[in-house]
Ligand SMILES: C[S@@+](CC[C@H](N)C(=O)[O-])C[C@H]1O[C@@H](n2cnc3c(N)ncnc32)[C@H](O)[C@@H]1O
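Numbering (this note's numbering), first residue to last: 8 to 210.
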């Protein structure tokens, strides 16, 4: 039950998955994570969506599939070959803007923007520029990260980085987080709605 989706995949998914294998890209999001991303995307009608780490567009296709027609989606990656695969399969979707830029630079240049949903799937937004990325969240919005469960191919020192990231998220008084032991290990955080009581107790 927990490892089957049994609902239609996004139309573009199969072709992107094929091109992903042909490209040799090995950091693709797993399909269970993608399914959760779609479900959560559908909770944000007229939403503003951000993905850091497009890859070939696998997760992008699922997020788009959950979004309504009034939503907008920016997805950032610094690899033009991967982005070309995403663009050829998803570029016709007017809701989507694919950005070829370093994630950290993009975050620094866009501190004025606010989002209802952020999927941080690269170093920037997760291990780097965490506070700056969390500052882009609207109240009631979602921040989602995956790859939190230990993998045999993690380089030396990566487990320590993950543990520091989890700890930093746990300490945030403006976030409510849930850590899931499922798929590759997913954390979902919601930005608390700032009530007068919250503001008085946290100032
Ligand atoms: C885990 S993969 C993303 C997977 C993708 N979300 C998917 O569904 O398959 C991480 C991505 O981050 C990108 N990346 C690595 N360093 C980056 C940087 N400094 N700025 C922007 N993107 C970066 C890589 O090109 C890669 O596509």
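Using N, Cα and C, we set each Cβ at its ideal position, and we do this for glycine too.
All values derive from a computational prediction rather than experimental measurement.
_Selection from 183, 63 and 73 that minimises the alpha carbon distance to residue 94_ = Here residue 94 refers to the residue found at position 87 of the chain shown. The shortest Cα separation from residue 94 among 183, 63 and 73 belongs to 63.
*Would you call residue 180 buried or exposed, if buried means 16 or more other Cβ atoms sit within 10 Å of its Cβ?*
Walking along the chain shown from the start, residue 180 turns up at place 173. So residue 180 counts as exposed.
*Is DSSP giving residue 58 helix, strand or coil here?*
Taking the first residue of the chain shown as 1, we reach residue 58 at position 51. Looking at residue 58 - three-state DSSP - the assignment turns out to be strand.
*Is any heavy atom of ligand 1 found at a distance shorter than 7 angstroms from the C-beta of residue 173?*
By one-based count along the chain shown, residue 173 stands at place 166. Not so, every heavy atom of ligand 1 lies at least 7 angstroms from the Cβ.
*Could you name the residues of the same chain whose beta carbon sits closer than 7 angstroms to that of residue 159, not counting the 5 residues immediately before and after it, in chain order?*
One-based indexing of the chain shown puts residue 159 at position 152. Taken in chain order, the list of residues that qualify is empty.
*So the alpha helix (DSSP H) residue 73 belongs to, where does it begin and stop?*
Within the chain shown, residue 73 is the residue found at index 66, counting from 1. It spans 65-73 - the alpha helix (DSSP H) in which residue 73 sits, taken as one unbroken run.
*Return yes when the C-beta of residue 36 is under 7 angstroms from any heavy atom of ligand 1, and no when it is not.*
Translated into the one-based positions of the chain shown, residue 36 becomes position 29. Indeed, a heavy atom of ligand 1 lies less than 7 angstroms from the Cβ.
*asked:* Within 8 angstroms, do at least three Cβ pairs link the stretch 126-136 to the stretch 8-21?
replied: Verdict: no, contact absent.
*Following the continuous alpha helix (DSSP H) through residue 124, name the residue where it begins and the one where it ends.*
Mapped onto the chain shown, residue 124 falls at position 117. No alpha helix (DSSP H) contains residue 124, which is instead part of the beta strand (DSSP E) from 122-127.
*In the DSSP assignment, find the unbroken alpha helix (DSSP H) run with residue 184 in it and report its ends.*
In the chain shown, the residue the question calls residue 184 occupies position 177. Note, residue 184: premise wrong, no alpha helix (DSSP H); beta strand (DSSP E) at 182-187.
_Taking 6 angstroms as the limit between beta carbons, can you name the residues of its chain near residue 75, skipping five residues before and five after?_
As a first step, residue 75 is located in the chain shown; it is residue number 68 there, counting from the start. So the qualifying residues of the chain are 52.
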